[in-house]
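From first to last, the protein sequence lines stand for chains V and X.
Taking numbering that gives the first Met the number 0, the leading residue of the first sequence gets 0, the next gets one more, and so forth.
Taking numbering that gives the first Met the number 0, the leading residue of the second sequence gets 0, the next gets one more, and so forth.
Idealized CB from N, CA, C, for every residue including glycine.
Just so you know, these numbers come straight off a predicted model, no measurement behind them.
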Amino acid sequence: MTNPYFPEPARIVRKYELTKDVRFFQVRFIDTERALSFDYKPGQFMMFSIPGTGEAPFSISSTPSRPGLLEFCIRKTGRLTEALFRLKENDEIGIRGPYGNGFPIDAMNGFDLFIIIGGLGAAPLRSLILYSLDNREQFGRVHLLYGAKTPADMLFREEFLELIDREDVECLLTVDKDNSGKWPCYTGLVTSLFNRIEDIKPENTYACVCGPPIMYKFVLNELVKLNIPKHQILMTLERRMKCGIGKCGHCAIEDIYTCMDGPVFTYWDVLHMKELI
Amino acid sequence: MKDSLKSIKHIEKDKLSEFIKQLRKNFTVIAPRNVKDFVLFQELKADEEPYLDFLNSRQSPKEYFFPQTENIVEYEGVTDKRVPIVTEKQMRKRIIFGMRPCDVTSLSILDRLFINEDYVDNYYKRLRDNTLIFGFGCSYPRTTCFCTSFDSGPFSTKGADVFITDSGDTFIIEGITEQGKKLIEKLPDGDEKLLKTKSEIEKKALDSITTPPNVEKIPEKLKGLFENPVWEVISERCLGCGVCTYLCPTCHCFDIQDEVIDNKGRRVKNWDSCMFPIFTLHGSGHQPREFRFQRMRQRIMHKFNYYDENFDIIACCGCGRCVTECPVNIDVREILRTISEL
Chain V
0 MTNPYFPEPA RIVRKYELTK DVRFFQVRFI DTERALSFDY KPGQFMMFSI
50 PGTGEAPFSI SSTPSRPGLL EFCIRKTGRL TEALFRLKEN DEIGIRGPYG
100 NGFPIDAMNG FDLFIIIGGL GAAPLRSLIL YSLDNREQFG RVHLLYGAKT
150 PADMLFREEF LELIDREDVE CLLTVDKDNS GKWPCYTGLV TSLFNRIEDI
200 KPENTYACVC GPPIMYKFVL NELVKLNIPK HQILMTLERR MKCGIGKCGH
250 CAIEDIYTCM DGPVFTYWDV LHMKELI
Chain X
0 MKDSLKSIKH IEKDKLSEFI KQLRKNFTVI APRNVKDFVL FQELKADEEP
50 YLDFLNSRQS PKEYFFPQTE NIVEYEGVTD KRVPIVTEKQ MRKRIIFGMR
100 PCDVTSLSIL DRLFINEDYV DNYYKRLRDN TLIFGFGCSY PRTTCFCTSF
150 DSGPFSTKGA DVFITDSGDT FIIEGITEQG KKLIEKLPDG DEKLLKTKSE
200 IEKKALDSIT TPPNVEKIPE KLKGLFENPV WEVISERCLG CGVCTYLCPT
250 CHCFDIQDEV IDNKGRRVKN WDSCMFPIFT LHGSGHQPRE FRFQRMRQRI
300 MHKFNYYDEN FDIIACCGCG RCVTECPVNI DVREILRTIS EL
């Protein structure tokens with residue numbers, strides 16, 4: 000019988016700095032067959048394991064449409080992430096997963112995507128963005144709004160700046176504050192970008208949001224004003240997690256487990272489950 | 000002999016140690032022991048008799064299926080970053096002897112979480128698969144007992160392999176499962192009279208459980224109460240010590256931590272408690288369950304609504320340990336009554 004707590008050996012292929020306290024990790028299963036056949040959905044997450052330090056969950060930032068390598072952006076916040084930051088390329092770690100429901104990619108087929116990111120929310124949503132770009136014919140229009148504190152805090156900044164010139168995606172980037180004076184995009188909160196997006200077809204749009212808890216209230220208000228149906232407003236949320244397999248109870252919200260029934264929830268769920276955000 | 004009587008046996012009290020000795024040949028026997036001021040389930044030493052003159056043990060034998068600390072991964076050589084290996088050791092079959100029906104019921108509750116179609120917790124399953132249960136009728140339920148609120152009772156044989164009733168001079172011993180029947184087949188046969196004696200003892204026990212709350216409508220009722228101010232009233236005197244969750248036979252939340260001593264490391268599952276704020280504290284500092292009333296609400300809701308929604312059973316067996324041991328006398332039966340009256 001397979002043991003669900005058992006991490007599989009993997010190798011850090013690349014690791015570099017995204018922002019001052021966030022690192023990009025490219026990881027590959029050591030078993031080549033496993034690495035190539037490993038499938039997942041945008042919005043799912045993996046448990047990272049370092050023997051002697053522990054485990055922690057991280058959203059997958061890469062897309063299943065580019066198999067072989069898994070990518071993550073990880074902020075240093077605790078014991079495991081500190082140990083992870085000390086590791087170097089080619090070091091071994093354990094990973095297990097994928098866990099969680101992920102985005103309902105099949106249901107989203109044919110719809111417009113309206114992606115709204117605040118700060119670290121880029122970690123799970125980059126997966127969806129790359130997935131939609133790789134499978135461009137599966138989606139209608141793709142809008143992307145990303146707000147960060149400063150240009151230096153914007154994850155995958157260069158990658159997103161390049162999207163601005165692409166014709167098949169509308170990418171608007173904003174920062175709260177720019178002291179450098181060199182920021183080529185907008186300044187202000189992410190909600191200030193909403194009036195720059197024209198003719199949203201609410202019935203045919205899936206809005207996908209991820210950001211700090213404080214952001215949701217304002218963004219959800221705007222989305223409701225746009226008349227996007229509540230079940231088409233998706234959020235990927237965070238909870239303290241330990242097992243990832245619906246046993247340990249940490250991520251329980253009412254009768255659901257974030258690790259099994261989430262982390263992607265609809266606005267409808269949020270309205271009915273009081274502790275979600 | 001009638002079919003129903005085939006597996007009714009009995010054993011004189013002074014012959015019990017001989018019977019246990021026989022069991023010990025093939026099994027590790029875990030039974031109630033009188034430890035200092037209270038009774039705990041522990042492995043019996045050679046020639047030791049179980050201590051059966053008890054109401055219920057301080058802790059339930061839950062720890063023999065879901066240990067307080069359990070290695071889930073062991074590894075060596077942390078420095079060279081080798082990935083953990085699991086130790087799959089063969090284990091000796093065990094008998095939990097003298098388990099009260101409420102505690103036996105708790106296992107059927109835990110089974111639904113740890114062994115389900117989503118994921119199977121191998122560690123729990125291995126311990127469960129290798130253990131036989133000798134249930135022990137509760138002749139003298141405590142004043143805090145309310146097992147009859149649930150699909151159980153002081154003489155419920157459900158979930159047991161063998162069931163024991165203390166009838167004064169002798170123990171009435173029933174084989175419930177095939178495995179159980181086999182273990183007791185050499186004991187002297189019982190008769191109709193024993194069954195009658197048992198039902199008399201059972202009736203007396205049932206009569207003494209006078210305060211079981213009616214929980215039938217509780218799961219449905221709780222659905223609309225999430226934002227009710229009652230939670231603040233209920234949790235007003237709660238200290239947040241977590242003893243209720245620690246002693247609860249159905250509480251199953253756990254933490255996963257790594258420990259390293261010298262060059263040997265282990266990853267362990269440790270009991271955890273939803274009554275502690277750190278239980279839900281995010282890495283970012285965000286705290287979704289900031290106040291004590293929210294954590295109390297989580298505990299009650301989880302047991303009496305969420306668990307029922309997910310696994311079709313209430314996560315309480317009415318053992319009353321949380322009632323007897325709460326330092327500020329919070330009584331879950333009162334909470335349930337308050338809820339039903341809202």
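E237, R238, R239, K241, C242, I244, G245, K246, C247, G248, H249 and A251: these are the residues of the region 218-251 of chain V whose beta carbon lies less than 8 Å from some beta carbon of chain X, given in chain order. Under a criterion of Cβ atoms nearer than 9 Å, the residues of chain V adjacent to X:R288 are, in order, E274.
Taken atom to atom, the span from the alpha-carbon of V:L69 to that of V:F113 is near 24 Å. Looking from the CA of V:F47, the closest CA among V:P8, V:Y15 and V:G67 belongs to V:P8.
DSSP places V:D152 in no beta strand (DSSP E); its state is neither H nor E. Contact note: V:M259 reaches chain X through D117 and Y118, using a C-beta cutoff of 9 Å and chain order. The three-state secondary structure of V:Y185, taken from DSSP, is strand. When the beta-carbon positions are compared, X:C325 and X:V267 stay at least 8 Å from each other.
Listed in chain order, the non-local C-beta contacts of V:R195 below 7 Å within the same chain comprise L171, local neighbours out to five positions each way being set aside. Taken in chain order, the complete alpha helix (DSSP H) segments of 4 or more residues contained in the region 225-300 of chain X are 229-233, 242-246 and 291-300. DSSP assignment within the region 10-62 of chain V yields the following whole beta strand (DSSP E) runs of 3 residues or more, N-terminal first: 21-28, 44-49 and 53-58. Look at X:Q67 here: in three-state DSSP terms it is coil, with no helix or strand label. For the C-beta of X:F253, the chain V residues within less than 9 Å are, from N- to C-terminus, K241, C242, K246, C247, G248 and H249.
For the region 184-216 of chain V, the set of residues with a beta-carbon nearer than 8 Å to any beta-carbon of chain X comprises P211 and P212, in chain order. For X:L238, the CB contacts under 8 Å within the same chain, skipping 5 residues up- and downstream, are P326 and V327 in chain order. The Cβ of V:G101 sits no closer than 8 Å to any Cβ of chain X. Bounds of any alpha helix (DSSP H) do not take in X:E42; it lies within the beta strand (DSSP E) bounded by F37 to E42.
X:D254 places its beta carbon 8 Å or farther from that of X:K12.
In this structure, the alpha-carbon of X:N227 lies about 18 Å from that of X:R236.
Across the set X:T164, X:F53, X:V28 and X:V34, the C-alpha of X:V28 shows the shortest separation from the C-alpha of X:A45. Contact residues of the region 305-338 of chain X toward chain V are Y305, E308 and N309 (C-beta to C-beta distance below 7 Å). For X:P31, no alpha helix (DSSP H) encloses it; the enclosing beta strand (DSSP E) starts and ends at T27 to V34.
If you draw a straight line from the Cα of V:E253 to the Cα of X:E116, it is about 20 Å long.
In this structure, X:I94 is the residue among X:I94, X:D271 and X:F37 with its C-alpha nearest to the C-alpha of X:Q21. Taking 8 Å as the threshold, the shortest C-beta distance from X:L112 to chain V falls below it. Excluding five sequence positions before and after X:E289, the CB atoms of its chain that fall closer than 8 Å to its own CB belong to P276, given in chain order. Taking 8 Å as the threshold, the shortest C-beta distance from X:I71 to chain V falls below it. Secondary structure at V:T1: coil, using DSSP grouped into helix, strand and coil. For X:H9, the enclosing beta strand (DSSP E) has its first and last residue at I7 to E11. Assignment of beta-bridge partners to V:C72 by DSSP yields V:F23.
Membership of V:P97 in the beta strand (DSSP E) is indicated by the continuous run E91 to Y98. Beta-bridge analysis with DSSP links X:G174 to X:V161. Membership of X:I200 in the alpha helix (DSSP H) is indicated by the continuous run E191 to S207. With contact defined as three or more Cβ pairs closer than 8 Å, the region 175-186 of chain X and the region 213-220 of chain X are not in contact. Close to X:G282, with beta-carbon spacing below 7 Å, are these residues of chain V in chain order: T76 and G77.
Chain-ordered listing is empty here: chain X has no CB closer than 7 Å to the CB of V:Y39, the nearest sitting near 17 Å.
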